[in-house]
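Comments concern the structure below.
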Amino acid sequence: MVLNEKKASGLIGLMAIVSGIAAIITARDFPPSLTDTDVGPSIFPTAYGAILAILGLVLFASGLRRASKRGAADEGGTPPLDIAKLVFGVVGVAAYLWIIDYAGFAISTIIYLWLMIGLMRGTAGFRQISTPVLAILIGLAVYAAFVMLLQVPLPTGLWLDSAA
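Quick note on numbering: UniProt numbering labels position 5 of the sequence shown as 5, and the sequence is numbered without any gaps.
Following this line, the structure appears as structure tokens:
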């Protein structure tokens with residue numbers, strides 16, 4: 001199956017819509033806050049899900065809009081996408097979600113970012129910094145932002161918990 005950019009945009013848009021709706025539905029099952037003034041633990045997943053679904057809808061609509069335009073550019077103007085990269089990206093996300101329980105947030109995120117940045121090859125500006133260095137910097141910055149600034153506990157992982 002050959003995917004061009006228009007079809008891939010539509011497919012990824014649909015996946016984002018489904019993921020966003022799933023996040024909203026899952027967040028509804030979170031326990032309520034203990035105080036009336038606190039927004040509760042479901043606010044961030046619900047907001048994330050809504051934003052993801054809206055952006056997925058925008059991406060899906062732009063893919064439809066580009067697909068509906070006829071002309072000479074449509075018949076060969078967009079190169080086919082590598083379906084293996086798309087499959088690897090989806091499998092990578094699933095593997096990341098599975099391994100985070102075992103390896104913890106920091107290690108899993110750094111490895112995931114390293115593989116995904118390498119897969120996507122980044123933009124020209126990102127190529128000046130090596131992929132592992134960039135993955136480590138981003139992963140540790142996100143970890144520090146959540147753990148130190150927001151004081152949100154992130155998974156340490158079963159492998160690291162058993163070693164302590």
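We treat Cβ as the ideally placed atom computed from N, Cα and C, and that holds for glycine.
On a predicted model such as this, the values are computed, not experimentally measured, just so you know.
Three-state secondary structure (DSSP) of residue i
i	result
Phe146	helix
Leu34	coil
Thr26	helix
Thr46	helix
Thr131	helix
Arg70	Low per-residue confidence applies at Arg70: pLDDT is 47, beneath 50, and the placement is therefore not dependable, though the value from the model is reported in the following sentence. Coil at Arg70, not helix or strand.
Leu154	coil
Gly139	helix
Val58	helix
Sequence-distant residues of its chain with Cβ nearer than 8 Å to residue i (five each side left out)
i	result
Phe30	Gly40, Pro41, Ser42, Pro45
Tyr48	Gly20, Ala23
Contacting residues, own chain, Cβ-Cβ under 7 Å from residue i (five flanking each side not counted)
i	result
Asp74	Low confidence applies here, because Asp74 scores a pLDDT of 48, under 50, leaving its location unreliable; read the following figure in that light. Hits under 7 Å: none found.
Beta-carbon gap between residue i and residue j smaller than 9 Å
i	j	result
Ala84	Leu140	no
Gly157	Gly118	no
Ile17	Leu52	yes
Ile54	Gly10	no
Gly13	Leu59	yes
Leu113	Ile138	yes
Met15	Gly56	yes
The alpha helix (DSSP H) enclosing residue i, as first and last residue numbers
i	result
Thr109	105-120
Close beta carbons around residue i, own chain, < 6 Å, minus the five adjacent residues each side
i	result
Pro155	Ile100, Gly104, Phe105
9 Å Cβ cutoff, residue i in contact with chain C
i	result
Arg66	Protein chain content of the structure displayed is limited to a single chain, and chain C is not contained in it.
Pairs of beta-carbons, one from the stretch 136-150 and one from the stretch 87-100, closer than 8 Å: are there three or more? Verdict: no, contact absent.
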